[in-house]
Amino acid sequence: MKYLLFVVAFAWASAAHAQTRQAKVQTLELDDDTKTDAAKGDGVKAPPKDEPKPDTAKTDGGKTDAPKIDAVDPSTGDVKTDPSKAGDGKGRPKFTITPYVGIAAGIKYDNVQNREGETRQDRVVTFAIGRFGLLARYTDHFMVQSELMASGGIGLHGTSAYEGQAALQVRQQMLRATFGRFTLEAGRLVDEASVDYISNYVQGTFVQDTATRDPLLYSGYNLGNGVRAVVDIIPGMLRAGLTFNAGNPVSNTATLMVGGTYPPFERIYTQAYQAVNQGPNHFPDDTFHAMVLTPSVLLSSEYVDAKVAFQAFAIDTNTNTPNNDHVRGYNMRGTVRGKFGMVVPFASAAYTRNDTLIPNNVATRSPDRYQAINLGGGVDVNLAKRFTCEHECTDGLGAQFQQVQYEIGDGVVTTLRYANLGGTFWVHPHFAIDARVSYWWQNQKGIDDTGERNLIVGVRGVLP
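In structure tokens:
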């Protein structure tokens, strides 16, 4: 009997020991696989360590990957990103910095349309343009962007090799702070609401040639020194913005839309700009002062994107005296884009009206007003997307047309037209071949038309 009791007790102790050991092994396996605390009694197991966790940045040695660049819009320079989550797993905020670069190069043929008596010749040029910058983030609240551009020169005809590609342009130099639904930007920035939707397949020169750049400038494209506030009314869908620019008219591009002569120049902007090559310090004419205030509304949805803005401006042409009249005016503008799979139509419109000055007495406002109407649109056909890229890398074709028509009072009506047809083929996720034909021309009653036809073939590299 004693022997039997001893056997039963030994068996019971062995079973209890085995059960305890098995429980410890399971606990160790759970900790090793998930690195998380198991919820008691819920029976839910965390994903294993080799399964990527959603919305979490990959780590390597405790370092968070830099935010990936989704796209660098060639027309605006605006960098869209997919920021990594803040923190290094120990509650400490992270700082990330990402360089980016885009280079476009190729051949451009210009066929000149002369007026009677003109003898300008056709030409072939090899062009090169580069834009590069840094994008830095501190947590998911603060971002800094600094971007420069090596210009292709007037008409992409080149710049000075003796000064090391002298036309180095300062593009965006921006600070951005985001908290909840509110975003504040300051520095040299692009007002997103001032940028027309244009074809993705005519941007092989980063929108630096006449046929693509000038229509944007006439419609109120605003890159310059300023501050901008944006609030998400409906997160991810509807936003409202307010942008303010102030300084010399040359400090932002929005003043290019202001019409009216300022002898001996066609526009006020040109008078302020011409001092760059005349003054000893190569600064613009600082007796000019301009202010631009732009409220805007931006819509993003599954099938339609739209932006509307009202740009109000005032320009003092002589800050040395209070006895001169200011030039005041406004620009009402809107742009819309459809997103229907392969087909992406887009359209834009703008109406500009402002004061003008008496040509032989520029301190006095003229009774005549400058008016301009900008209308345009086009369509993209997305043929194939063969690569997964951090930027736009779809093969396709695009066409667009823009007309700018302006006059002062009841004077001569000037009409400018810009037509583009282009295509892009991505050989590699970071390397594309672009081809485009374009035609722009100017028409005035009683005067022969003048303009230029262009054929552009080039390559484009984008990193990352």
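Just so you know, we're using this note's numbering here: the sequence shown kicks off at -9 and counts up by one.
Each residue gets a CB set at the ideal place from its N, CA and C atoms; glycine is no exception.
Bear in mind that the values here come from a model prediction, so they are computed numbers and not experimental data.
Boundaries of the alpha helix (DSSP H) around Q264: I258 to Q264.
When DSSP states are grouped into helix, strand and coil, G145 belongs to the helix group.
Within the same chain, A409 and R443 come within 6 Å of Y429 by CB-CB distance, once the 5 residues on both sides are set aside.
Relative to V403, the option among Y360, M322 and A389 whose CA is nearest is Y360. Straight-line spacing of the CA atoms in R327 and K297 works out to 9 Å. According to DSSP, H418 shares a beta bridge with F421. A Cβ-Cβ contact shorter than 8 Å links V192 with G412.
For P335, there is no enclosing alpha helix (DSSP H); the residue is part of the beta strand (DSSP E) that begins and ends at V333 to I348. Looking at the DSSP output, R443 shares a beta bridge with N101 and Y429. Burial of Q392 is indicated by the presence of at least 16 other C-beta atoms within 10 angstroms of its C-beta. Between N235 and M281, the C-beta gap is smaller than 8 Å, which places the two residues in contact. Here the alpha carbon of K98 sits roughly 7 Å from the alpha carbon of F117. Residue pairing for N351: DSSP places it in a beta bridge opposite I348. DSSP places M227 in the coil class of the three-state scheme, outside both helix and strand. Straight-line measurement puts the Cα of G170 at about 53 Å from the Cα of D439. According to DSSP, T88 shares a beta bridge with L125. Around G368, the same chain offers S189, F336, G388, A389, Q390 and F391 as residues with beta carbons nearer than 7 Å, after the five sequence neighbours per side are excluded. In this structure, G194 sits near A94, with a CB-CB distance shorter than 8 Å. If you compare the alpha carbons of I223, S338 and H418 with that of C379, the shortest gap goes to H418. When DSSP states are grouped into helix, strand and coil, Y208 belongs to the helix group. Apart from sequence neighbours up to five positions away, the residues of its chain that approach L453 with a beta-carbon distance below 7 Å are Y90, V91 and H420, ordered along the chain. Of the candidates G441, V427 and R426, G441 places its Cα closest to the Cα of N433. Ranking Q111, Y128, V102 and R121 by CA distance to the CA of I87 puts Y128 first.
In this structure the segment 249 to 268 lies against the segment 342 to 357, because at least three pairs of beta carbons, one per stretch, are closer than 8 Å. Annotated three-state conformation of N235 is strand, per DSSP. Using a Cβ distance threshold of 8 Å, A353 and N313 count as a contacting pair. Its chain contains Y208, N364 and L406 as the residues whose beta carbon lies nearer than 6 Å to that of V394, once the 5 sequence neighbours on both sides are disregarded; these appear in chain order. In the three-state reduction of the DSSP assignment, N190 falls in the helix class.
DSSP places V403 in no beta strand (DSSP E); its state is neither H nor E.
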